[in-house]
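In order, the protein sequences belong to chains Y and D.
Counting from 1, one number per residue, gives the positions in the first sequence under this note's numbering.
Counting from 1001, one number per residue, gives the positions in the second sequence under this note's numbering.
Protein chains: 2
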Amino acid sequence: MSVTPSADHSEDSHAVSAVLDDLAVLAVRRLSTREISLTAATTLSYLDRNGPARLSALAAEQGVTQPSMTQLVQRLEREGLVSRGVDAQDGRAVLVGVTDAGRALLAERRRRRRERLDEMLGTLPPGELRELTRVAGEFLPLLRRLLQSAPQE
Amino acid sequence: MSVTPSADHSEDSHAVSAVLDDLAVLAVRRLSTREISLTAATTLSYLDRNGPARLSALAAEQGVTQPSMTQLVQRLEREGLVSRGVDAQDGRAVLVGVTDAGRALLAERRRRRRERLDEMLGTLPPGELRELTRVAGEFLPLLRRLLQSAPQE
DNA sequence: GGAAGTTGTATAGGCTTCCTATGTAAATTC
DNA sequence: GAATTTACATAGGAAGCCTATACAACTTCC
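Put into structure tokens, the structure is as follows:
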């Protein structure tokens, strides 16, 4: 470890760790759509935000191997969610881009997840809901910054 | 939708939803231990916190089907991480409990995740780190309640 | 300008973890 | 006590990941 943790730092990261575990369960199981995997969704989302990209670039971005990304892109192409073209500059490379159908699926997925989250939030007593949303408003920007600074294993 | 969301409620849940994908990537890929799956880890953790439980109760808790939980428990038993006993009250039921080896693995997993998290947290400015951990402490209980009250699809 | 190395993608084969459909034994109901 | 329900197990299959390896296009270097 390159950092020198203090005692309370350790305790703090315990709480953060617990939150991350629970949030992972929430994101992966309670909010997962059956029609598309997490990697597929985040890959589509990346292509939507950043434009066409190479297979190997996508694999690195998603933290999977290149063969896995090849397979994923093949599945996505079969389902009409992405298109593949050749790179004019480099005959070896494949440029993957999201299609309109892919964008539509992304939008539908977002809608459904938001709907389910709303349902879950609706079961909380109003006071707790208010507190949760307030705390979430503080927490999420910080988490985002943490994620962006995260090392790539 | 069965609940009637207010305007700000919708915005908040949108913010939550927006960060969940990134978060899931972090939790699932950057903090995942290769030796045990997310479901296995959260199941062990549940058993550790709540004592022995039935197969079907575990399946419902984890949001997987009963056959999947049967398989998971069989794998965990083969690896000596859980033990299976019969319910004295109900001859059909199986009571699953975590073993000392299971607890040891949980502790090791926690240690390793904490180590990685510490590295990530170490990249934050001290002020943000303090705020992040403080907010995490507030957020955790609320999140737990939300997950408990969550509808099972 | 061609041999050798590098890079980008595809294929093969295997593992884990989930699913649905269905079987079986214990408990409950009538 | 027969029929139903409940709790778990088994069978078979698919998704999605891996490592190892093959192949084709680009680059280097003499």
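Yeah, the Cβ is synthetic: ideal placement off N, Cα and C, and Gly gets one too.
About 15 Å separates the Cβ atoms of V1082 of chain D and V1064 of chain D, ruling out a contact at the 8 Å cut-off. Between D1087 of chain D and V1094 of chain D, the CB-CB gap stays under 9 Å. Bridge pairing for V64 of chain Y: absent [DSSP].
Among the residues of chain Y, none has a CB under 9 Å from the CB of R1034 of chain D; the nearest is roughly 11 Å distant. Going by DSSP, S1083 of chain D is part of no alpha helix (DSSP H) but of the beta strand (DSSP E) stretching over 1082 to 1086. For L142 of chain Y, the closest alpha carbon among the candidates D:E1115, D:A1104, D:R1130 is that of D:R1130. Interface annotation for the region 1099 to 1133 of chain D against chain Y: R1110, R1113, R1114, E1115, R1116, L1117, D1118, E1119, M1120, L1121, G1122, T1123, L1124, E1128, L1129, R1130, E1131, L1132, T1133, criterion Cβ-Cβ distance under 9 Å. According to the DSSP secondary-structure assignment, G1091 of chain D is paired through a beta bridge with no residue. In the same chain as G102 of chain Y, and ignoring 5 residues on each side of it, the C-beta atoms closer than 7 Å to its own belong to L44, L81, V82, in chain order. Beta-bridge partners assigned by DSSP to G97 of chain Y: Y:S83. For A59 of chain Y, there are no neighbours in chain D by C-beta distance under 9 Å, as the nearest C-beta there is about 12 Å away.
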